[in-house]
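J.: Note that UniProt numbering gives residue 48 to position 48 of the sequence shown, counting from 1, and the numbers run on in steps of one. In this text, a Cβ means the ideal position worked out from N, Cα and C, and glycines have one as well.
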Amino acid sequence: MRFWILSAIYSGMLTGIFFVDAGIQNLWVPVALITVVYSIIVVLGVSIIRLNLFIKSLSSFKTSENEIALTFDDGPDNELTLKVLDLLKEYKAKATFFCIGNKVEDNEPILKRMLAEGHSIGNHTWEHANSFPWWSVKRITDSIAKTDNALKAIGIEKCTIFRPPFGVTNNLIAAAIKRSNKKCVGWSIRTKDTCKSIEEVVDKVKRNIKPGDIVLLHDTNKNILTELKEILDFCNQKGLKSVAIN
Numbered sequence: 001m002r003f004w005i006l007s008a009i010y011s012g013m014l015t016g017i018f019f020v021d022a023g024i025q026n027l028w029v030p031v032a033l034i035t036v037v038y039s040i041i042v043v044l045g046v047s048i049i050r051l052n053l054f055i056k057s058l059s060s061f062k063t064s065e066n067e068i069a070l071t072f073d074d075g076p077d078n079e080l081t082l083k084v085l086d087l088l089k090e091y092k093a094k095a096t097f098f099c100i101g102n103k104v105e106d107n108e109p110i111l112k113r114m115l116a117e118g119h120s121i122g123n124h125t126w127e128h129a130n131s132f133p134w135w136s137v138k139r140i141t142d143s144i145a146k147t148d149n150a151l152k153a154i155g156i157e158k159c160t161i162f163r164p165p166f167g168v169t170n171n172l173i174a175a176a177i178k179r180s181n182k183k184c185v186g187w188s189i190r191t192k193d194t195c196k197s198i199e200e201v202v203d204k205v206k207r208n209i210k211p212g213d214i215v216l217l218h219d220t221n222k223n224i225l226t227e228l229k230e231i232l233d234f235c236n237q238k239g240l241k242s243v244a245i246n
């Protein structure tokens, strides 16, 4: 909705310039400036999910308690995810796992354990393709549906939350999410744990985390166990409790 409002304002400003300043020299200057600003806002909206430019996403939440939400993308991993679950159980923490559809069938016991231990499962498309930002509405919708069907095939009937790969949104992705009847979930703390050192990841969380934050992690990241333990220790010290997103 915000994207269409922004586009309407942009179009209105251009129209106004041409009508009001039809005789002015160097008319291209204000046109170029407005176009550059518009383009920058759109690019930021595509890449920063919490701006909600194309679709309203849950990137943080209101809480009267000291609650945060740890979330894990790109799994399950048949080794690391089990150890992540062990750590969460040890610390009595709940989390949300955004799973890739083509990993579901081979990891049925892990997914069922997630639910049995009070965690939530979200849809993260069938294959997490690098080309995802350029997909059509139909292709995105089909990928979401294929993942839902894989979950249903192992007895997981209800999956209402979706996180787009890379956290990218645009008007086509937004339309597909709405058509799939999903709630879009983003984050307020992006750890970049797939490319940053353990120290950088943990330090970013420690410096920024507060009640209501949603933290992005990956249960396929080779350093996740060390990072998660330090994050959970810190949360315990600060009285922060990780909850699952429903």
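Alpha carbon to alpha carbon, how far is S180 from K158?
T.: In a straight line, the C-alpha of S180 is about 13 Å away from that of K158.
J.: Assuming N208 contacts I231 (C-beta within less than 8 Å), just tell me the rounded distance between them.
T.: So it is not a contact: roughly 12 Å between Cβ atoms.
J.: Alpha carbons only, please: which of D106, I224, E127 is nearest the one belonging to D86?
T.: The shortest C-alpha separation from D86 is found at I224.
J.: Evaluate contact between the region 181-201 and the region 34-47, counting only Cβ atoms and requiring at least three cross-stretch pairs below 8 Å.
T.: At 8 Å Cβ cutoff, the stretches do not touch.
J.: Helix or strand or just coil, what does DSSP make of R163?
T.: In this structure, R163 counts as coil in the three-state DSSP scheme.
J.: Beta-carbon within less than 8 Å of V243's beta-carbon, same chain only, minus the 5 sequence neighbours each way: which residues are those?
T.: Closer than 8 Å at the Cβ level, and outside the excluded window around V243, lie E67, I68, A69, K94.
J.: Would you mind sorting C235 into buried or exposed? The rule is 16 or more other CB atoms within 10 Å of its CB.
T.: It counts as buried.
J.: Could you give the residue range of the alpha helix (DSSP H) that holds I173?
T.: Start and end: 171-179.
J.: Below 8 Å CB to CB, which residues in the same chain sit around L53 once its five sequence neighbours on both sides are set aside?
T.: Counting only Cβ-Cβ distances below 8 Å, and skipping sequence neighbours, we find R2, F3, L6, I41, V42, L44, G45, V46, T169.
J.: With 16 as the cutoff for other CB atoms within 10 Å, does S64 come out buried or exposed?
T.: When all chains shown are included, S64 counts as exposed.
J.: With distance defined between alpha-carbon atoms, name the residue in V137, F97, A145, C195 nearest to residue 270.
T.: Shown here, the chain extends from 1 to 246; a query on residue 270 therefore has no answer.
J.: Taking only heavy atoms of the ligand NAD into account, decide whether any of them is closer than 7 Å to the Cβ of Y38.
T.: The ligand NAD is not part of this structure, which contains no ligands at all.
J.: Do you know offhand how far K111's Cα is from K138's?
T.: Lys is not the amino acid found at residue 111; the sequence shown has Leu there. Their backbone Cα atoms lie some 27 Å apart in a straight line.
J.: In the structure shown, what three-state DSSP assignment does D213 receive?
T.: Three-state DSSP puts D213 in a strand.
J.: Measuring alpha carbon to alpha carbon, tell me which residue in S59, N102, K206 is nearest G239.
T.: With distances taken between Cα atoms, G239 lies closest to K206.
J.: Grab me the residues of R113's own chain with a C-beta within less than 7 Å of its C-beta, minus the 5 sequence neighbours each way, in chain order.
T.: So the qualifying residues of the chain are L85.
J.: Beta carbon of T125, beta carbon of P76: below 8 Å?
T.: Their beta carbons are not under 8 Å apart, which means T125 does not touch P76 by this criterion.
J.: So, I144 versus F132, is the Cβ gap smaller than 8 Å?
T.: Cβ distance not < 8 Å, so I144 and F132 don't count as in contact.
J.: Are E117 and K89 touching if we call contact CB-CB under 8 Å?
T.: Their beta carbons are under 8 Å apart, which means E117 touches K89 by this criterion.
J.: Which stretch, first to last residue, makes up the beta strand (DSSP E) that contains A150?
T.: Looking at the DSSP string, A150 is not in any beta strand (DSSP E); the run it does join, the alpha helix (DSSP H), is 137-153.
J.: Does S39 pass the burial test, meaning 16 or more other C-beta atoms within 10 Å, or should it be called exposed?
T.: Burial call: exposed.
J.: If we ignore side chains and look at the alpha-carbon of each, how far apart do K56 and C99 end up?
T.: K56 and C99: Cα-Cα distance of roughly 21 Å.
J.: Less than 8 Å between the CB atoms is what I'm expecting for L80 and D219, so what's the real figure, rounded?
T.: With a Cβ gap of about 6 Å, L80 and D219 count as contacting.
J.: Between N102, W135, I34, V104, which has its C-alpha nearest A175's C-alpha?
T.: When only C-alpha atoms are compared, the closest one is W135.
J.: Please confirm whether G101 and A150 have their CB atoms less than 8 Å apart.
T.: Cβ atoms of G101 and A150: closer than 8 Å.
J.: In chain order, which beta strand (DSSP E) runs of at least 3 residues are fully inside the region 183-236?
T.: Runs found: 214-218.
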